[in-house]
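What follows is a short report on a single structure.
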Amino acid sequence: MSSKLIIALDFSSADIAMQFVDQLSPSDCKLKVGFELFVSAGPEMVRKLTNKGFDIFLDLKFHDIPNTVASVCKAAAKLDVWMMNVHASGGIEMMHKASEALGNFESPPKLIAVSVLTSMTDKQLQQTGVNALAKDQVAHLATLAKEAGLDGMVCSAREANLLRQLMGEDFLLVTPGIRPTGSDRGDQSRIMTPADAIRAGVDYIVVGRPITQASKPLEVIAMINAELSNVDS
Ligand code: C5P
Numbered sequence: 381m382s383s384k385l386i387i388a389l390d391f392s393s394a395d396i397a398m399q400f401v402d403q404l405s406p407s408d409c410k411l412k413v414g415f416e417l418f419v420s421a422g423p424e425m426v427r428k429l430t431n432k433g434f435d436i437f438l439d440l441k442f443h444d445i446p447n448t449v450a451s452v453c454k455a456a457a458k459l460d461v462w463m464m465n466v467h468a469s470g471g472i473e474m475m476h477k478a479s480e481a482l483g484n485f486e487s488p489p490k491l492i493a494v495s496v497l498t499s500m501t502d503k504q505l506q507q508t509g510v511n512a513l514a515k516d517q518v519a520h521l522a523t524l525a526k527e528a529g530l531d532g533m534v535c536s537a538r539e540a541n542l543l544r545q546l547m548g549e550d551f552l553l554v555t556p557g558i559r560p561t562g563s564d565r566g567d568q569s570r571i572m573t574p575a576d577a578i579r580a581g582v583d584y585i586v587v588g589r590p591i592t593q594a595s596k597p598l599e600v601i602a603m604i605n606a607e608l609s610n611v612d613s
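Letter by letter, the sequence shown follows residues 381 to 613 of the numbering used here.
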């Protein structure tokens, strides 16, 4: 069975990222390529990773006018990524065009929405002119994303229970801010363990530094996968 673990490859160069990836097998995890690695190493890096057999979540959070977002989603799909994302606050028309653009691919990547960034407080959200609590805005944007034909969304594990109830089973929930018991929380504040996140209804967990900066990353990966399979059984 394929793993529910997505490792965030937040590295500053292709060489450093590849040194890390060379230890891994596609059956252990999927990989997330975000801004830092994409800006440093480009689409070529994504191709190298897919050629090695990894499922890639391209985490570039597209947010622009509908036509531009639809075009960049098509370009990203040509890299054979497994998943990508757009900002739900770009609106239903933008999300719909993005989803439609991917519909022409034989096996289209999963398209998920970013709602309210988990780093934002209620106050900061309201400063942007949105007169709602962050959790209510997340639920609202999730409904919009589903209506636009998206496959799911990025959310905090704390929101997963509510979103699972509101959105039903057929909506992917992908969650960063995961910390295995005993690991350093870093700059994440609203954290959860891998098992608790899956119990709350999350489909895939994103883990970065607790694995990438561990002295024995493979041991941490094995521990997380064991924890996840115990929840399944
Ligand atoms: O190292 P850590 O486990 O905190 O990495 C989490 C990853 O998830 C990072 O790549 C970060 O950019 C991403 N992320 C996040 N919070 C969000 C969206 C993405 O931490 N709301």
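All residues carry an ideal CB built from backbone N, CA and C; glycine is no exception.
Every value quoted in this text rests on a predicted model; they were computed, and no experiment measured them.
Output the distance between the C-alpha atoms of Arg-538 and Asp-435, rounded to the nearest integer angstrom.
Here residue 538 is taken as the residue at index 158 of the sequence shown, counted from 1. Here residue 435 is taken as the residue at index 55 of the sequence shown, counted from 1. The alpha-carbon atoms of Arg-538 and Asp-435 are separated by roughly 26 Å.
So does Asp-502 have its beta carbon nearer than 7 Å to some heavy atom of ligand 1?
Position 122 of the sequence shown, counted from the first residue, corresponds to residue 502. Not under cutoff, so the answer is no.
Can you give the Cα-Cα distance for Gly-562 and Met-500, rounded to whole angstroms?
Locating residue 562 in the sequence shown gives position 182, where the first residue counts as 1. Locating residue 500 in the sequence shown gives position 120, where the first residue counts as 1. Each residue's Cα considered, the two are about 26 Å apart.
Starting from Phe-415, trace the alpha helix (DSSP H) in both directions and tell me its first and last residue.
Your numbering for residue 415 matches position 35 in the sequence shown. Phe-415 -> alpha helix (DSSP H) spans 415-431.
In terms of residue numbering, what span does the beta strand (DSSP E) encompassing Gln-442 cover?
Sequence index remark: in the sequence shown, residue 442 carries index 62 (1-based). The amino acid occupying residue 442 in the given sequence is Phe; Gln does not appear at that position. Unbroken beta strand (DSSP E) run through Phe-442: 436-442.
Alpha carbon to alpha carbon, what distance is there between Thr-555 and Ala-394?
Along the sequence shown, read from residue 1 onward, the residue named residue 394 stands at position 14. Along the sequence shown, read from residue 1 onward, the residue named residue 555 stands at position 175. Rounded to the nearest angstrom, the two C-alpha atoms are 25 Å apart.
How long is the line joining the alpha carbons of Tyr-584 and Met-464, rounded to whole angstroms?
By 1-based counting over the sequence shown, the position of residue 584 is 204. By 1-based counting over the sequence shown, the position of residue 464 is 84. Taking the straight line joining both Cα atoms gives about 13 Å.
Which residue spans inside the segment 517-553 form an unbroken alpha helix (DSSP H) run of at least 4?
As far as the segment 517-553 is concerned, its whole alpha helix (DSSP H) runs of at least 4 residues are 537-547.
Which whole-angstrom value is the C-beta distance of Ile-591 and Ile-387, which I expect to be below 8 Å?
Here residue 591 refers to the residue found at position 211 of the sequence shown. Here residue 387 refers to the residue found at position 7 of the sequence shown. Contact flag correct, Cβ pair sits at about 5 Å.
Counting only beta-carbon atoms, is Lys-384 nearer than 8 Å to chain B?
Of the chains in the structure shown, none is chain B; there is only one protein chain.
Spatial neighbours of Ile-472 within its chain, please: CB distance less than 7 Å, with the 5 preceding and 5 following residues excluded, ordered by chain position.
By 1-based counting over the sequence shown, the position of residue 472 is 92. Once the five neighbours on either side are set aside, the close Cβ partners of Ile-472 are Leu-524, Glu-527 and Ala-528.
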